[in-house]
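In what follows, a single structure is set out as structure tokens and then discussed.
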Amino acid sequence: MVVKKPPMGWNSWNTFGANIDESLIKETADAMVENGLLDAGYEYLVIDDCWAERQRDKSTGRMVPDHVKFPHGMKAVADYVHSRGLKFGMYSCCGNLTCAGYPGSFDYEFIDAQTFAEWGVDYLKYDYCFRPMTQKGDLLYRRMGLALANCGRDICFSACSWGADQTNEWIKSTGAHLWRSTGDINDSWASVKELALKQYDYLTTNGQGCFNDMDMLIVGMNGKGNVAVSGCTEEEYRTHFSVWAFLGSPLMIGCDVRNMDEATKDILLNKDIIAINQDPAYRQPFACGNHWGHREVPVLAKYLADGDIAIGVFNFVDCQVDPFISLDCLGINRSSGKAISVRDLWTGEDLGVFTDVLRVTVPQHGAKMLRAKVIDA
Ligand code: GLA
677 MVVKKPPMGW NSWNTFGANI DESLIKETAD AMVENGLLDA GYEYLVIDDC
727 WAERQRDKST GRMVPDHVKF PHGMKAVADY VHSRGLKFGM YSCCGNLTCA
777 GYPGSFDYEF IDAQTFAEWG VDYLKYDYCF RPMTQKGDLL YRRMGLALAN
827 CGRDICFSAC SWGADQTNEW IKSTGAHLWR STGDINDSWA SVKELALKQY
877 DYLTTNGQGC FNDMDMLIVG MNGKGNVAVS GCTEEEYRTH FSVWAFLGSP
927 LMIGCDVRNM DEATKDILLN KDIIAINQDP AYRQPFACGN HWGHREVPVL
977 AKYLADGDIA IGVFNFVDCQ VDPFISLDCL GINRSSGKAI SVRDLWTGED
1027 LGVFTDVLRV TVPQHGAKML RAKVIDA
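Here the sequence shown is numbered in our numbering, starting from 677 and rising by one per residue.
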């Protein structure tokens, strides 16, 4: 299986943690369809940790879904999710236990991959807790990668080793389609800033087939749920979504999609921003200078499949900034006779035509997401 674009969907962990069950999953599937999330591209519904009984079945060695949370088993849940047109994801771990202490897949890789395939799983998030210290991470991810590739079903393999043990150096050998390049997110601006700035180190690793995963989105959590801390302002959530989209991270929603407010919907359903994330060329962004050399005001550009240029300015400092972006840096020299016509993707506003330099004003903790068309000057 080859995965060509960063996966999009929803994951249970950020809001619900261990409080998951069949009705939550069915209601979430319904909401994803009814709120237009599926139409916008959010196709995976992923159940994270805490879905299993604490012991495997003694006779078959298989994992068993929690009888109280999932009384009809996982195949029934998968069937419902599929009936709504969505794809179904689950979670396991390369260690003896998952991070929350449920059975992990260590030494059961092939049997678990087979079980997931029989249940109708399309996506497996695979964590890094409780692995025997004698085992190297790359081998453990390769074991599950191979098991999934031979289970008879296309299953997107989402590695979650948080960038530990130089994951970037070996992850592409494992068959993973995405890999967590950060530690865990929490619902705060400090966390968004920390994870976003860390991606500078990994821009060259990202690419088609194996995407850098900056962790699930916190947009719309508003300080409530399993990884809630202080919450963010609407502006900060917009910036968070912009950075994740621009850097090509998977877009996995983490809020309660059954109860989204209008501001949350406006952010998560912005088709122009999603298009930057899902651009078919999937090119690496490049730095186009930063505000007076300030590392916390990245000014990035990315060439899109149709010849347009996406420009992202992200303000992680605590005051307004107004950086310049020179056309020369974008690849347009003065003698070329070319200019750019620029649209603001959050406001929908046409900003006009620029020949030498473009200057943008970005409020504290804000972001500009622009799409520039190359035209004759
Ligand atoms: C780790 C992962 C999280 C989540 C939890 C579940 O911390 O990084 O995303 O899956 O485990 O226990």
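Just so it is clear, CB atoms sit at the ideal spot from N, CA and C, and this is done for glycine as well.
Check: Could you check whether the stretch 975-982 touches the stretch 941-948, counting it as contact only if at least three pairs of C-beta atoms, one from each stretch, sit closer than 8 Å?; Outcome: no
Check: Using only the alpha-carbon positions, how far apart do Val903 and Cys726 sit?; Outcome: 15 Å
Check: Hey, Tyr799 and Ser834 are a contact pair by Cβ (cut 8 Å); roughly how many whole angstroms apart?; Outcome: 6 Å
Check: According to DSSP, which residues form a beta bridge with Ile952?; Outcome: None, per the DSSP bridge assignment.
Check: Taking the Cβ atom as the reference point for each residue, do Gly796 and His758 lie within a distance shorter than 9 Å?; Outcome: yes
Check: For Asn844, write down the residues that DSSP places opposite it in a beta bridge.; Outcome: The partner list for Asn844 (beta bridge, DSSP) is empty, contrary to what the question assumes.
Check: When the Cα of Asp932 is compared with those of Pro682, Asn711, Lys680, which residue comes out closest?; Outcome: Asn711
Check: For the beta strand (DSSP E) that contains Ile787, what are its first and last residues?; Outcome: Element bounds for Ile787: not the beta strand (DSSP E) but the alpha helix (DSSP H), 785-795.
Check: With a threshold of 8 Å, establish whether the CB of Arg730 neighbours any heavy atom of the ligand GTP.; Outcome: The ligand GTP is not part of this structure, which contains only the ligand GLA.
Check: Report whether the distance from the Cβ of Asp803 to the nearest heavy atom of the ligand GLA is below 8 Å.; Outcome: yes
Check: Would DSSP call Ile701 helix, strand or coil?; Outcome: helix
Check: So Gly924 packs on Asn888, CB below 8 Å; how close in whole Å?; Outcome: 7 Å
Check: Mind checking Gln1072: buried by the 16 CB within 10 Å criterion, or exposed?; Outcome: In the structure displayed, the chain extends from 677 to 1053; residue 1072 sits before or after that span and is not available.
Check: Once the 5 residues before and after Leu714 are set aside, which same chain residues still bring their CB inside 7 Å of it?; Outcome: Met708, Gly761, Leu762
Check: For the alpha helix (DSSP H) containing Leu871, name the first residue and the last one.; Outcome: 865-874
Check: Keeping to the same chain, check which residues put their C-beta closer than 8 Å to that of Cys805; ignore five residues upstream and five downstream.; Outcome: Cys769, Gly771, Leu773, Thr774, Cys775, Gly780
Check: So is the beta-carbon of Met750 under 8 Å away from any non-hydrogen atom of the ligand GLA?; Outcome: no
Check: What are the boundary residues of the alpha helix (DSSP H) that includes Val919?; Outcome: 910-922
Check: When you compare only the Cα positions, how much space is there between His1041 and Lys680?; Outcome: 31 Å
Check: Could you pull the DSSP bridge partners for Val1038 from this structure?; Outcome: Val997
Check: Given a threshold of 16 other Cβ atoms within 10 Å of its Cβ, counted over all protein chains shown, does Lys745 qualify as buried or as exposed?; Outcome: buried
Check: The ligand GLA and Asp891: does the residue's C-beta get closer than 8 Å to at least one heavy atom of that ligand?; Outcome: yes
Check: Counting only runs that start and end within the stretch 735-766, where is the alpha helix (DSSP H) found for 4 or more residues in a row?; Outcome: 749-759
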